[in-house]
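Only one structure is covered here, and it is reproduced in the block below.
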Ligand code: GDP
Ligand code: MN
Ligand code: MN
Ligand code: MN
């Protein structure tokens, strides 16, 4: 398996066609997976915003005050308002906002990014990352690159562990995960629970190549990698009914 950064991509502007820009710069082959940082998908989709666009509600004001008091510095209530508008649920309110985005991904601050965003205050996540991935995949196919799967990624924190890593927000042309249940281990014991989140693992590997700073390499080609013949599943985000951690957070009393 090899991972190659797509080099020489420009600063992405609203309306830019990512499939076109990548197809001009990468010799794609059937079976490749293209990972694309959500940052440039959002830029292309015009998902930039400015703080002045968010008139502050009482709830946002209260959240910013509480978080600011814990942090020992003032927090902009317009940022809290932007986070609320991008979210369907707040799982933790303070000292940081852990939210569910409108497309079902749980992350801090609804994934709103303030790095690598020239000319605007904020970069919101793509509205529907799976549709973004489908559009990029279709664009590649139109340019003769058939059979390239696309994964839209973001850098995201992890509960229980220090450090961030890449995760998949949306994908097209492949299943999200590989179901090992029923397969034998080396001693012939049947695997009972392992469903491997392939799109997240590819997103993490690709994130090593994209970097997080000024590298300018938001797209990565994964080559000589195969999904294999195990059953796939397209489920990545847990429903609240089978998510004990989320249920516990709902029960938790905020101080
Ligand atoms: P995120 O993980 O989706 O939030 O994206 P990051 O902000 O971590 O950026 C991932 C990579 O994309 C880094 O190498 C950045 O330097 C690069 N990057 C961000 N925006 C652009 C852009 O508009 N053009 C190019 N060429 N690279 C970008
Ligand atoms: Mn960023
Ligand atoms: Mn991000
Ligand atoms: Mn990143």
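Numbering (our numbering), first residue to last: 12 to 266. The beta-carbon is built from N, C-alpha and C at its ideal position, and this holds for glycine as well.
- Assignment of beta-bridge partners to residue 244 by DSSP yields 188.
- With a beta-carbon spacing of about 5 Å, residue 93 and residue 65 fall inside the 8 Å limit used to define contacts.
- DSSP places residue 42 in the coil class of the three-state scheme, outside both helix and strand.
- Under the three-state reduction of DSSP, residue 126 is assigned to coil, being neither helix nor strand.
- Per the C-alpha coordinates, the member of 49, 228 and 200 positioned closest to residue 124 is 49.
- For residue 83, no beta strand (DSSP E) run applies, since DSSP gives it neither H nor E.
- 61 is the residue among 114, 113 and 61 whose C-alpha sits nearest the C-alpha of residue 88.
- The closest CA to that of residue 14, considering only 131, 212, 54 and 76, is found on 212.
- For residue 17, the CB contacts under 6 Å within the same chain, skipping 5 residues up- and downstream, are 33, 36, 37 and 230 in chain order.
- Judged by DSSP secondary structure, residue 103 falls within the beta strand (DSSP E) whose first and last residues are 98-103.
- With distances taken between CA atoms, residue 127 lies nearest to 51 out of 95, 115, 51 and 205.
- CA-to-CA, the gap between residue 135 and residue 56 works out to about 10 Å.
- For residue 111, the three-state secondary structure derived from DSSP is strand.
- Counted as a single uninterrupted DSSP element, the stretch harbouring residue 142 is not any beta strand (DSSP E) but the alpha helix (DSSP H) occupying residues 140-153.
- Within 6 Å of the C-beta of residue 124 there is at least one heavy atom belonging to ligand 3.
- Remark: the shortest separation between the CB of residue 132 and any heavy atom of ligand 3 does not fall under 6 Å.
- Closest in alpha carbon position to residue 188, among 199, 205 and 63, is 205.
- Less than 7 Å separates the beta-carbon of residue 75 from that of residue 86.
- Three or more Cβ pairs drawn from the segment 20-30 and the segment 218-234 lie within less than 8 Å of each other, which places the two stretches in contact.
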